[in-house]
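Residue numbers (our numbering), protein chains in the order written: chain S, 2 to 456; chain U, 2 to 456; chain E, 2 to 456. A virtual CB, placed ideally from N, CA and C, is assigned to each residue, including glycine. This one's a predicted model, so the numbers in the text were calculated from it and none came from an experiment.
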Amino acid sequence: MFKKSLMLLACLMSFGFAANMDANKSDALNLNVVKNIKVAHKMSDLSKSCVECHAKETPGIVADWKNSRHAHVGVSCMDCHSVNADNPMASVKVHPKDSNNHVSMLVSPKTCAKCHENEVEESVKSGHARGAMQMYANPAMVKLMYHYEGMDHPEYKMAPDATGCTQCHGTVIKLDADHKPTKETWPNYGIGNVYPDGGVGNCKSCHSAHTFSIAEARKPAACASCHLGPDHPDIEIFNNSMHGHIYNSEAHKWNFDAAPDTWDVPDFRAPTCAACHMSGVGETTTTHNVSRRLKWNLWGVSSKLRTAGDEQAAVVYEKTGKLTIGTPLAGHPNGPEAARAEMKLVCKVCHTSTHTDNFFIMGDKQVELYNVYSAEATKMLEELKAKNLLLEDAWSDEFQDVYYHMWHHEGRRMRQGALMGGPDYSHWHGVFEVKNDIRKLRKIYKERIESGKVQ
Amino acid sequence: MFKKSLMLLACLMSFGFAANMDANKSDALNLNVVKNIKVAHKMSDLSKSCVECHAKETPGIVADWKNSRHAHVGVSCMDCHSVNADNPMASVKVHPKDSNNHVSMLVSPKTCAKCHENEVEESVKSGHARGAMQMYANPAMVKLMYHYEGMDHPEYKMAPDATGCTQCHGTVIKLDADHKPTKETWPNYGIGNVYPDGGVGNCKSCHSAHTFSIAEARKPAACASCHLGPDHPDIEIFNNSMHGHIYNSEAHKWNFDAAPDTWDVPDFRAPTCAACHMSGVGETTTTHNVSRRLKWNLWGVSSKLRTAGDEQAAVVYEKTGKLTIGTPLAGHPNGPEAARAEMKLVCKVCHTSTHTDNFFIMGDKQVELYNVYSAEATKMLEELKAKNLLLEDAWSDEFQDVYYHMWHHEGRRMRQGALMGGPDYSHWHGVFEVKNDIRKLRKIYKERIESGKVQ
Amino acid sequence: MFKKSLMLLACLMSFGFAANMDANKSDALNLNVVKNIKVAHKMSDLSKSCVECHAKETPGIVADWKNSRHAHVGVSCMDCHSVNADNPMASVKVHPKDSNNHVSMLVSPKTCAKCHENEVEESVKSGHARGAMQMYANPAMVKLMYHYEGMDHPEYKMAPDATGCTQCHGTVIKLDADHKPTKETWPNYGIGNVYPDGGVGNCKSCHSAHTFSIAEARKPAACASCHLGPDHPDIEIFNNSMHGHIYNSEAHKWNFDAAPDTWDVPDFRAPTCAACHMSGVGETTTTHNVSRRLKWNLWGVSSKLRTAGDEQAAVVYEKTGKLTIGTPLAGHPNGPEAARAEMKLVCKVCHTSTHTDNFFIMGDKQVELYNVYSAEATKMLEELKAKNLLLEDAWSDEFQDVYYHMWHHEGRRMRQGALMGGPDYSHWHGVFEVKNDIRKLRKIYKERIESGKVQ
């Protein structure tokens, strides 16, 4: 469990450009290290000037940083914000005024990776990495955002995307003539941002700026600002689960500050989102690949096993500059059963194998029951389509509207509720509604087939 | 208020089988008791072997127990898990391997009652005790779970029940040939489990294993994992109430650890679910009969006074082995006005009688207003039924579907919102929707009566 | 930022009637003040008798008060509850029994203003002040509460109002022959109560009795018991935002007790409701006028700029005794751009101007996009009305029902979600539903226009 506990330390040692460190020696465990790190606390004059001015201009940022682990180990403003003049995100003018320094307002995972290489690499292999790309590579999604919701309005059509989708999914950030991000693409806290420097992802989605706290990201609230709502009510499911019940009644007494791979019981009594999906709990190793422990893709029209290994969206983008819908079946590199086995290692910390096995057998059955509903609905949809009995405007077409909700909302809830122990979501918000949805679809289908007309 | 404060102590003294206690003397209040209890800390060799092995196998369980009151007073693994070989839940093989000991993975309230007799007795008199039984004794519920939702699918039909209903209601736990609980019936954290040893209920639903904390059960989160959602949004109503407002802003500073019957203001500034419904607050005495302080049954098709005294489901089951729907009008042994009077003793701790009386008068009126809606809807339903103007598949029949929602969802919210001070639930999620439901019902009714046809 | 930090102190000094204070000298900052305040701790015999008796009768109230700032500075029971015999709220009988004192169970902002004059004055200038009045001055609202929801039932028609609307909006409190508040009008925790003594508002809505804590009112939970639900899910939006994400993961470590106008970063790391809308953060000054920093009225059928300055409802009521719908476009005295500029001063504490400007530009576009939808819907409504193609019972009329929801529920969520950074509310619960609503309206409109009939 202490596999990586020295990683931050080690990586700081190799953080050559980080100001006044004297050396990057291999004696990482003797007292000299402490001295070296101490030296790093002497901020560069440039960073000092940042802090002095921004303590007045944007005191919240400085206050955050002062209490961050970054500040404690001597990582300061310019270590992340100073960029070469030819960086696409570099400020047109030097900053501060009297320097020869260029800054970037935006900091992409490329910068974070200078120290946190493993974390960024893992993250890019996960579904998080295609958050933004999958939207803009999908014509149906683009049409939903700009055409249907934005009404193709010349002035307002970008607003639903900017105030909605991108805030969680991220966006492909564009810069204006002044090298500042455009209003349509920033600010957002989306997990799948594509940055002008080619970086993909967004560490700040979970480790919010400018403290970048590990404790924060281990709490459900860090996931909850995106993983909520009708289409993936994950925080609601967690609160509905016995895990959430325990968390909500006593987590204020738990320890969230343990080093990576050391955070384990008795630091907590019930797992959080991170504990199951990311942390090095029990016999597992910490990963930022949130898809790795998932057996199923539960957000698709039908549930499918995650057989595709690592997510490829960022790789393709780096090679070709193309936005793709990525790898919906991304998961564990060794396939879905390896994913499930790794997840069970977390369960095992507190539960017997009978408990865990029974739980997943019945959860999987609920997932497969959904597929029975889904197959019937899709068959009807395809037949109506073949017979020209669907409207072009899907949102005016009751069949397509119910079909969408049965899949995208009710059907996800039914499946995710089952596999995360949230009975109200498996049942009331899930299969209970799916069962009515299929009845509506059958009725409309029958009417259209019998009448040969849409209405 | 200190009526029962020595109960745990006293009952531990009588806990003869609990390992190394020297004696069960009557001098419960002198220093010898301390010695006796101290002696109990010497765990049996068997329990020691449990802890040693499970600290590696399932460290979460051991960590929980180490910090529990149980561990502090010397109650350890085998005190709950060791059973006679002829116990239906006994492991087929001895465990641990080299012992002559049999264990049960399941621990029913029968075991808890060995020390916590009053709590289990009270619990069995409450509606909680029929949580599971009422489902399986009700053909409509069974049909909903397996036929409608499960589609009578040979492989998947049990999934909606196992991942949904049972997780809160509990189930009738079945064992396989290996004496292990079947996947269809366990794990769950349902409050009304019927165990193979005849025990009914589930202490762990609120006092989660393996700390079994009293503080946990006093917090709304302990109730919230079941009392939520469209049909009984009790945690949502609490959060909507002034009580919830106060709790959510400052409860982290309150004291939840006081002994039973001593927990009272100023330990807290606003009541939690437990404080009103269970705790020995003010002039009341702690009870685990959650139905005792309830004047009304608010979950039925129409609101009825709770005139039936103690819940009988567990009694009938013990005598006859039959699963029944139990006693929907279970409440205070002295009737609904005694229930209300006891509840008002809690209110009185902080509120004047004018405040409390006015609150309940108007709340009761909202409950009775619902009955006006309900009576009209039921009259229409019965007339349609008599005239053969209902579909057999209720969920394909718009009248029956709206009727169900008006009762089971909107109507409960209207009533529970009113009597727990949650205005958004009394109004927006309640009567505001009920008023539209009745209009839909009238329209469909009129069409069917006039046309003599269902569609 | 320390502009008002001595206000409480200063106002206490002028609190002449508050019992045993020796003097109200101008040397507010020397040690005599401490002595004077200390003297005030000697409660009057009357207040002592309150405390003695109520410690038994309603111990929660006394416990609250004991820990309040009021108790610490010597403000006790009778300072707020003792009134002249001719006060309309005065108890008919003297209280306590053997005194010549009259008390009022109700305490209106008029009493609070004796010390907290600025706060009450600011509050009255905000939309909060018309909370109750706007309901009773609006025939449509009165009809909704009593006629539609209450079914004009002689016994129950007031219940929806009393258990619903008034609990947040407040009511016009009426007294019975015994000078006690009537059950139809009290208790409630509504923000816009109109008291029999002419006081308007309700300090206790946010600073709950009897601690009246400043820390409480700074937390989202204080707003959340009213600002929730389908029509203004403000707490849900907050939880969905990055601000909520941060608050929910670490606020238990923040400092909420700082004096007014001194509460600022690093006391907190992300703003709460109060921080943005009320507190003296950064270069702003604390205000209880919650409308002051708002550019838009986002609750109306269409979004309008807040051009009307201070709310007038309470002023009109004081002058004429008339209940009016007040000033829906109340906002900053210098207009909507001044409001936005003041709000941006809060953002500036942590965000760059590019961040803040971009955020509001896109938020405003979403607000204006809603107006495009709203204008089309209203045009159809008016045409149908002109052609007599609307039902009189709006709730039986699908067009009017969808129209209402598109505005009052979905449309508010779309706009408030956008301007408070809650993407799920801007999108899924907002424009995604609005887009479908407009399609339903177009369909019904077309049918009615073409057929010339309502059904």
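**OP:** On the DSSP bridge assignment, give the partners of residue 74 of chain S in chain order.
**Re:** Answer is none; residue 74 of chain S lacks a bridge partner.
**OP:** Would you mind stating whether residue 303 of chain E and residue 225 of chain E have Cβ atoms separated by less than 8 Å?
**Re:** Between residue 303 of chain E and residue 225 of chain E, the C-beta spacing is not below 8 Å.
Subject >> residue 45 of chain U to residue 243 of chain E span [Cα, whole Å] >> reply: Each residue's Cα considered, the two are about 52 Å apart.
Original post:
Does the beta-carbon of residue 362 of chain E have 16 or more other beta-carbons within 10 angstroms, so that it is buried, or is it exposed?
Top reply: By the neighbour-count criterion, in which 16 or more other beta carbons inside 10 Å mark a residue as buried, residue 362 of chain E falls on the exposed side.
Original post:
Looking only at C-alpha atoms, which of U:435, U:391, U:188, U:357 sits nearest to residue 342 of chain U?
Top reply: It is U:357 whose Cα lies nearest to the Cα of residue 342 of chain U.
Original post:
Going by the beta-carbon positions, is the gap between residue 197 of chain U and residue 174 of chain U smaller than 8 Å?
Top reply: Between residue 197 of chain U and residue 174 of chain U, the CB-CB gap stays under 8 Å.
Original post:
Could you give the distance in angstroms between the alpha-carbon of residue 439 of chain U and the alpha-carbon of residue 351 of chain E?
Top reply: Roughly 51 Å separates the two Cα atoms.
**OP:** Keeping to the same chain, check which residues put their C-beta closer than 6 Å to that of residue 27 of chain E; ignore five residues upstream and five downstream.
**Re:** Residue placement at residue 27 of chain E is flagged as unreliable, the pLDDT there being 38, under the threshold of 50; a coordinate-derived value is accordingly withheld.
Original post:
Between residue 69 of chain U and residue 210 of chain U, what straight-line distance do the alpha-carbon atoms span, to the nearest angstrom?
Top reply: Put simply, the backbone Cα of residue 69 of chain U is about 10 Å away from that of residue 210 of chain U.
Subject >> Neighbourhood of residue 104 of chain E by C-beta distance below 7 Å, restricted to the same chain and skipping five residues each side >> reply: If you ignore the 5 residues before and after residue 104 of chain E, its C-beta comes within less than 7 Å of the C-beta of 82, 83, 84, 92, 96, all in its own chain and listed in chain order.
**OP:** State buried or exposed for residue 148 of chain E, treating a residue as buried only when at least 16 other CB atoms are found within 10 Å of its CB.
**Re:** Sixteen is the threshold: since fewer than 16 other Cβ atoms of the shown chains lie within 10 Å of the Cβ of residue 148 of chain E, the residue is exposed.
Original post:
Closest to residue 156 of chain S by CA distance: which of E:56, E:366, E:109, E:279 is it?
Top reply: When C-alpha distances from residue 156 of chain S are compared across E:56, E:366, E:109, E:279, the shortest belongs to E:366.
Subject >> Chain-ordered chain U contacts of residue 60 of chain E [CB-CB under 7 Å] >> reply: The contacting residues are 266, 350.
Subject >> chain E contacts made by the segment 125-148 of chain S, where a contact means CB separation under 7 Å >> reply: Taking 7 Å as the cut-off between beta carbons, none of the residues of the segment 125-148 of chain S comes near chain E.
Original post:
For residue 192 of chain E versus residue 165 of chain E, is the C-beta spacing smaller than 8 Å?
Top reply: Contact: no.
Original post:
Which chain E residues sit within Cβ distance under 7 Å of residue 106 of chain S?
Top reply: Those are 353, 355, listed as they occur along chain E.
**OP:** Please confirm if residue 419 of chain E has its CB atom under 8 Å from at least one CB of chain S.
**Re:** So yes, residue 419 of chain E belongs to the interface.
Original post:
The alpha helix (DSSP H) with residue 457 of chain S in it runs from where to where?
Top reply: The requested residue 457 of chain S is not part of the displayed model; chain S covers only 2 to 456.
Original post:
Going by DSSP, what residues sit across from residue 298 of chain S in a beta bridge?
Top reply: In DSSP, residue 298 of chain S forms a bridge with S:305.
Original post:
Run through DSSP, which three-state label would residue 333 of chain E get?
Top reply: Three-state DSSP puts residue 333 of chain E in coil, outside helix and strand.
Original post:
For the segment 383-404 of chain S, which residues have a beta carbon sitting closer than 8 Å to at least one beta carbon of chain E?
Top reply: If the cut-off is 8 Å between Cβ atoms, the segment 383-404 of chain S has 394, 396, 397, 402 near chain E.
Original post:
Can you tell me whether DSSP reads residue 182 of chain U as helix, strand or coil?
Top reply: It is a strand residue.
Subject >> Against chain S: residues of the segment 224-247 of chain E by CB proximity under 8 Å >> reply: Residues of the segment 224-247 of chain E with a C-beta less than 8 Å from any C-beta of chain S: 240, 241, 242, 243, 245, 246, 247, listed in chain order.
**OP:** Report the partner residues of residue 103 of chain E according to the DSSP bridge assignment.
**Re:** The bridge partners DSSP lists for residue 103 of chain E are E:84.
Original post:
I think residue 262 of chain S touches residue 288 of chain S, with their Cβ atoms under 8 Å apart; what is that distance to the nearest whole Å?
Top reply: About 10 Å separates the two Cβ atoms, so there is no contact after all.
Original post:
Are residue 307 of chain U and residue 324 of chain U close, meaning C-beta to C-beta below 8 Å?
Top reply: Contact flag unset, no.
Original post:
Name the chain E residues whose beta carbon is nearer than 8 Å to that of residue 363 of chain U?
Top reply: Here the neighbours are 159, 160, 163, 164, 184, 185.
Original post:
Are residue 314 of chain S and residue 322 of chain S closer than 8 Å when you measure CB to CB?
Top reply: No. Outside cutoff.
Original post:
How close, in whole Å, do the beta carbons of residue 292 of chain U and residue 312 of chain U come, if the pair is a contact with beta carbons under 8 Å?
Top reply: Rounded, the Cβ-Cβ distance is 7 Å, consistent with contact.
Subject >> Contact list for residue 503 of chain S against chain U, beta-carbon separation under 8 Å >> reply: Residue 503 of chain S lies beyond the residue range present for chain S, which begins at 2 and ends at 456; the question has no answer from this structure.
**OP:** At 7 Å on the CB atoms, spell out the chain S contacts of residue 456 of chain E, in chain order.
**Re:** Taking the beta carbon of residue 456 of chain E as reference, no residue of chain S falls within 7 Å; the closest one sits roughly 15 Å away.
Original post:
Hey, which unbroken runs of the beta strand (DSSP E) at 3 residues or more fall wholly within the segment 217-270 of chain S?
Top reply: Counting whole runs of 3 or more residues, the segment 217-270 of chain S contains no beta strand (DSSP E) stretch at all.
Original post:
For residue 268 of chain E, which residues of its own chain have a beta-carbon under 7 Å away from its beta-carbon, when the five flanking residues on both sides are left out?
Top reply: Answer for residue 268 of chain E: 255, 256, 259, listed in chain order.
**OP:** Using a cut-off of 9 Å between C-beta atoms, extract the partners of residue 65 of chain U located in chain S.
**Re:** Residues of chain S whose Cβ lies closer than 9 Å to the Cβ of residue 65 of chain U are, in chain order, 266, 267, 270, 351.
**OP:** Name the one or two DSSP bridge partners that residue 176 of chain U has.
**Re:** According to DSSP, residue 176 of chain U shares a beta bridge with U:182.
Subject >> residue 195 of chain S in three-state terms, based on DSSP >> reply: Judged by DSSP in its simplified three-state form, residue 195 of chain S adopts strand.
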